[in-house]
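**Student:** Below is a structure I'd like to ask you about.
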Amino acid sequence: MTTTTRPRRCGSSKASEAVGERRYEPRGFPRQVLDSGQSLLVIFAGVLLIASVAQTAAAGPRDVRDAIAFGALIAFGELLRLSLPGDRESAPIATAGALAYAMLIQVGNHPARHTAQQVIAVTAIGMIVGALPHLAVGRPARLSGMAARLLAVACAAGVFRPLASNPEIGRHWWLALPVMASLVALAWLVEAVIEALIRTDALRARFGVALVDEMRVQLPLGTAVGASALLIAFAAEVMGLAAVAMFTAPLLVTQVAYRRYAGIRATYLQTVRALARVTEIGGYVETGHSARVSRLAVSIGRELGMAEPELLELEYAALMHDIGQLSLRDPIPGGATVLVVRDEQRRIAEYGAEVIQQAKVLDSVAEIVRRQSDPYRPGAGSTAANGGRGRGRGNEPPLSSRIIRAANAFDDLVGTSVEPSRAAAAVERLRLDTAGEYDPQVVDALGRLVSRRSVLGP
Amino acid sequence: MGRLSLVARVYVGAVAAAGLAFVVRGPLGGIAWLEVAVLGLLVVVCESTATRLRSRHLSWSPNSAAILAAIVLTGPVGAAVVGGCAVFGVRRGTSATKQVFNGGMMALTGYLPGEVFLLLGGEVGTPGQSSFPELIGPFAGAALAHVIVNYSLLCGVLWLTGEPGSAGQQARALLDPRVALTELGYCAFGLLIAALWSVLGPFTPVLVLVPLFVARWAVAQFAAQQRAYEATVSALCQAVETKDFYTRGHSERVSRGSVMIAHEIGMRGERVEAIRYAGMLHDVGKLGVPTQVLQKTGKLTDDEFAAIQLHPMRGLDIVREIGFLDEALAGIMHHHERIDGRGYPMGLTGDEIPEFARVLAVADAFDSMTSTRSYRGARPVPEAIAELRRWSGTQFDPAFVDAFVAAIERDGWTGPDTAAPQSAGAAAAHDHDDPTAPLRIIESL
């Protein structure tokens, strides 16, 4: 029976032998290793840490009780590290604790006299202690993320600690509050910039786009963290160290909600990925086709400077771009939609869009899928390449559809081959069709990816 | 709430009157009215932006923080006034009766815990440096009392006004430990407001509101994402079902039936969610079965039948990468096992079969029997129930059959539309889910 992955290659292969053979093989997606930029960052943070610890030890630590309490809070927060959408990490409680410690004016009856160096030392040690249990169970910390958080705290502490001894600051809350609020914002910005730089480096995203993405993802949580830091710093004056223990609870609530949110988002993506493979198992498409097209499409989109929400939609659309094939009674040989006539392609796209539209929450994804079969320049074919951009622009399919169209064609031509010459030949073939079929801009981006070998296996 | 019974009216009236009485009785002298005004405004804002809980009649807002702060800053009577401000909350679709009840209830959740606070030695007034940590004990007592008073009054009104059947579900939504824990977390905000009053004055609530609203935003995002997820899974499942007209909506209904059983046997919320998705995805592996086998009308060869018997494994193969509870995966894989061990793919018996699979099997077979097939019409529900009972103990777990039957007899069952298929070509073969179809055992498996 047709239990193998290829369509219509019948024969009576015993059903049982096909069970575990399919495997999801990721192909050369840019891996997240510590490259030069990130190691520079980590080394810088390390030097800062060592210098701060040495200086604090030489001068003698001040207010040891406070230091231990805040260090414990930071360690606790680091232990409850949080994954955010887009492979990000955050430790809201740790960051709030560290910022609060940096902006402490008075704890109970005595003024807080610790130095900026001590803040850095306590924060770093707390972070390391909190990261150890994660390490023990084999979840290594993202060093660059920790370094970014440490540097952000260091900035706030460096500005505020010298000010904290000023009696005017301690006396009037309307003077202290704006200063503290802007320093919290500064710390948040520093972290966002560093994280954006890391992503630019690792994923070859554009810095501007990465920064906006980063700020958008971090804004709500960052606001909550900043406000909590201010609250803890102010409350310490009235409640002493009890404030530290007490006011972790509200932030915990936020964190629980966030964790569940991030969890369901991850499950969502996994589910779409898994269900997209339905077409493969049904024998409509070659194994791994949807996954490869979506990976390639996202790489192209990133190369073209798309922002993260658009990339997510692109990924969904690319994963499900062949779902319309389920409506076919007989699978297309090899599932290669590039080889079938346009009307058939359009019908498949239309049906796929209908399926997705039923979810009611993915309308833009449905639109992307619907337009994937449209040529780049409808009815153009032979018009001068020059006039292309201006005319018929309103009728142009969305960029995501054009990307999927090209990525799909590329994968149909190349398949599982890892041979660079075959990929280059495929790009050339697509380039021949840029007059009407494929967006030249997209094909160029694809060409760049291929020449960098970042779409092909190692 | 619709039409209220007399008892319910008396109850709502009594709660409102008690709340009002405590305010009027006073003593009203010596109350810090600025604090009361600011916190009362906070209650109105919170009440106006309340989020609905999963149950239709309950909503939740973080006004506990304001009320508990009022207990510390202004004492029991002030807290009753602050709580009573809930009457002025602006919300769409809330009846006047509800508003009055909420006002009275919130006044009581301010006054009574306020007395507890005093009883435990708490001191009313803006706390200073010397008040901590002594204040924490009485405050915790007040917070606990607040939650208890709130919950008991709510349970009372649910019990008196709820339609039969839904009251239990609502009580469950209310008693969700996560909701209670969140509630206590927000109570902690109350102490924060009180403590910071001496430092930041009336500006305190503004700063306190920020993390609070971010938390609410995150909760709302989570809920929206979950709804989107559910809709997407269901849409994709329908796409799978287009291969066969007769099974349209099958996954959806099996999911519903499994959830009914799960509720009936008192499964935890998290597991109910898992079984909902397991039901939706249980037949996804059928895509691995070639269409011509699924739609074949004649007798199947052994090879063809083997292909059908493999579909639970295929389904597992597809959904394995989803971060599910393992239980859901086991349920999908084993939903065609039989209690007597003559099922597939593994031939497990009795308790060896995972609980989820035994639940799914009942709902699956029931929906198959009550749906139209190409070779027979849909059976009526009573007949299908009789059939379930007949196979109970051999094919199905009797406990789940009983639970399902009880749930159907109470809540009813909505079967598929019985319209005839439009396309003449889509003739389905013998349904593999139908328990009345002749049993076949393939030795080679």
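So the protein sequences, as listed, match chains A and B.
Just so we're aligned, residue -12 is where the first sequence starts under our numbering, counting upward by one.
Just so we're aligned, residue 176 is where the second sequence starts under our numbering, counting upward by one.
Note that the Cβ used here is the ideal one computed from N, Cα and C, for glycine as well.
Are the Cβ atoms of T272 of chain B and V187 of chain B separated by less than 8 angstroms?
**Tutor:** Contact flag set, yes.
**Student:** If you drop the 5 nearest sequence neighbours on each side, which residues of the same chain put their C-beta closer than 6 angstroms to that of Y519 of chain B?
**Tutor:** Within the same chain, Y519 of chain B has close Cβ partners Q484, H511.
**Student:** Check each residue of the stretch 394 to 414 of chain B: if its Cβ is closer than 7 angstroms to any Cβ of chain A, include it; give the result in chain order.
**Tutor:** Of all residues in the stretch 394 to 414 of chain B, V394, Q396, F397, Q400, Q401, A403, Y404, A406, T407, V408, A410, L411, Q413, A414 have a Cβ within less than 7 angstroms of some Cβ in chain A.
**Student:** Evaluate A604 of chain B with the Cβ neighbour count: other Cβ atoms within 10 Å of its Cβ, from every protein chain shown; 16 or more gives buried, anything less gives exposed.
**Tutor:** Summary for A604 of chain B: the model assigns pLDDT 46, below 50, so the residue's position carries little reliability, and this model does not support an answer.
**Student:** Cβ of I497 of chain B less than 8 angstroms from any chain A Cβ?
**Tutor:** True, the Cβ-Cβ gap to chain A drops below 8 angstroms.
**Student:** Around the C-beta of R49 of chain A, are 16 or more other C-beta atoms found within 10 angstroms, so that it is buried, or is it exposed?
**Tutor:** It counts as exposed.
**Student:** Go through its chain and collect everything with a Cβ distance to S546 of chain B's Cβ below 6 angstroms, but skip five positions before and after it.
**Tutor:** These residues qualify, in order along the chain: A553, P591.
**Student:** Evaluate V408 of chain B with the Cβ neighbour count: other Cβ atoms within 10 Å of its Cβ, from every protein chain shown; 16 or more gives buried, anything less gives exposed.
**Tutor:** Classification of V408 of chain B: buried, given that the 10 Å Cβ count is 16 or more.
**Student:** Between the stretch 230 to 238 of chain A and the stretch 201 to 208 of chain A, do at least 3 Cβ pairs fall closer than 8 angstroms?
**Tutor:** In short, these stretches do not touch, since the Cβ pair count stays below three.
**Student:** On a Cα-Cα basis, can you pick out the residue from A:A59, A:R129, A:P154 that is closest to Q93 of chain A?
**Tutor:** Checked all of A:A59, A:R129, A:P154; the closest Cα to Q93 of chain A is A:P154.
**Student:** Say whether chain A places a C-beta atom closer than 8 angstroms to the C-beta of F364 of chain B.
**Tutor:** Yes, its Cβ sits closer than 8 angstroms to a Cβ of chain A.
**Student:** Among the candidates B:G259, B:G201, B:L195, whose CA atom is the shortest distance from the CA of C221 of chain B?
**Tutor:** Here the closest residue by C-alpha is B:G259.
**Student:** Entirely within the stretch 537 to 573 of chain B and at least 4 residues each: give me those alpha helix (DSSP H) ranges in chain order.
**Tutor:** Here the runs fully enclosed are 556 to 566.
**Student:** What three-state label does DSSP hand L184 of chain A in the structure shown?
**Tutor:** Residue state, collapsed to three classes: helix.
**Student:** Using a cut-off of 7 angstroms between C-beta atoms, extract the partners of T357 of chain B located in chain A.
**Tutor:** Per Cβ cutoff of 7 angstroms: V240.
**Student:** Spell out a yes or no on whether the stretch 296 to 312 of chain B and the stretch 221 to 234 of chain A are touching, meaning 3 or more CB-CB pairs, one atom from each, closer than 8 angstroms.
**Tutor:** Yes: at least three Cβ pairs fall under 8 angstroms.
**Student:** Would you mind working out which of A:A45, A:L71, A:S23, A:I107 sits nearest V34 of chain A, comparing C-alpha positions?
**Tutor:** Per the Cα distances, A:I107.
**Student:** So the alpha helix (DSSP H) L371 of chain B belongs to, where does it begin and stop?
**Tutor:** From DSSP, the alpha helix (DSSP H) with L371 of chain B extends over 352 to 375.
**Student:** Does V187 of chain B have its Cβ less than 8 angstroms from a Cβ in chain A?
**Tutor:** V187 of chain B does not count as touching chain A.
**Student:** Would you check if there are 3 or more beta carbon pairs closer than 8 angstroms linking the stretch 235 to 248 of chain B to the stretch 209 to 221 of chain B?
**Tutor:** Yes, since at least three Cβ pairs between the stretch 235 to 248 of chain B and the stretch 209 to 221 of chain B fall closer than 8 angstroms, the two stretches touch.
**Student:** In chain order, what residues of the same chain have a beta carbon less than 6 angstroms from the beta carbon of V275 of chain B, not counting five sequence neighbours either side?
**Tutor:** Only A191 meet the Cβ criterion.
**Student:** When we look at the beta-carbon of R439 of chain A and count the other beta-carbons within 10 Å, is it buried (16 or more) or exposed?
**Tutor:** R439 of chain A is exposed by the Cβ-count criterion.
**Student:** Opposite Q93 of chain A in the DSSP bridges: which residues?
**Tutor:** Answer is A:P98, bridged to Q93 of chain A.
**Student:** List, in order along the chain, the chain E residues whose C-beta lies closer than 7 angstroms to that of E224 of chain A?
**Tutor:** In the displayed structure, chain E is absent; the protein chains listed are A and B.
**Student:** Nearest chain A C-beta to R489 of chain B closer than 8 angstroms, yes or no?
**Tutor:** By this cut-off, R489 of chain B is an interface position.
**Student:** Taking V252 of chain B as the reference, give the member of B:A225, B:L293, B:G264 with the closest Cα.
**Tutor:** Answer by Cα proximity: B:L293.
**Student:** Is G285 of chain B closer than 8 angstroms to A254 of chain B when the C-beta atoms are compared?
**Tutor:** Contact flag set, yes.
**Student:** Quick check: is the beta carbon of G117 of chain A nearer than 8 angstroms to any beta carbon in chain B?
**Tutor:** Not one chain B Cβ lies under 8 angstroms of G117 of chain A.
**Student:** Which of the three DSSP states, helix, strand or coil, is assigned to S77 of chain A?
**Tutor:** S77 of chain A falls in the strand class under three-state DSSP.
**Student:** Whose CA, out of A:T266, A:L433, A:V171, lies closest to the CA of L218 of chain A?
**Tutor:** Considering only alpha carbons, the answer is A:V171.
**Student:** Short check: CB of S387 of chain A to CB of E300 of chain A, under 8 angstroms?
**Tutor:** Yes, the Cβ-Cβ distance between S387 of chain A and E300 of chain A is below 8 angstroms.
**Student:** Kindly list, in the order they appear in chain A, the residues whose Cβ is closer than 8 angstroms to that of Y635 of chain B.
**Tutor:** Look at the range of chain B in this structure, 176 to 620, and you will see that residue 635 of chain B is not part of it.
**Student:** Below 8 angstroms, can you find three or more Cβ-Cβ pairs linking the stretch 301 to 311 of chain A to the stretch 280 to 287 of chain A?
**Tutor:** Contact holds: three or more Cβ-Cβ distances are below 8 angstroms.
**Student:** Contact criterion: CB-CB distance below 8 angstroms. Does I156 of chain A meet it with respect to chain B?
**Tutor:** Not one chain B Cβ lies under 8 angstroms of I156 of chain A.
**Student:** Against chain A, does F307 of chain B count as a neighbour if the rule is that its beta carbon must be under 8 angstroms from one of theirs?
**Tutor:** Answer yes: the Cβ-Cβ gap between F307 of chain B and chain A drops below 8 angstroms somewhere.
**Student:** Taking N395 of chain A as the query, report the chain B residues whose CB atoms sit under 9 angstroms from its CB, ordered along the chain.
**Tutor:** What N395 of chain A touches in chain B: nothing, since even the nearest Cβ is about 19 angstroms away.
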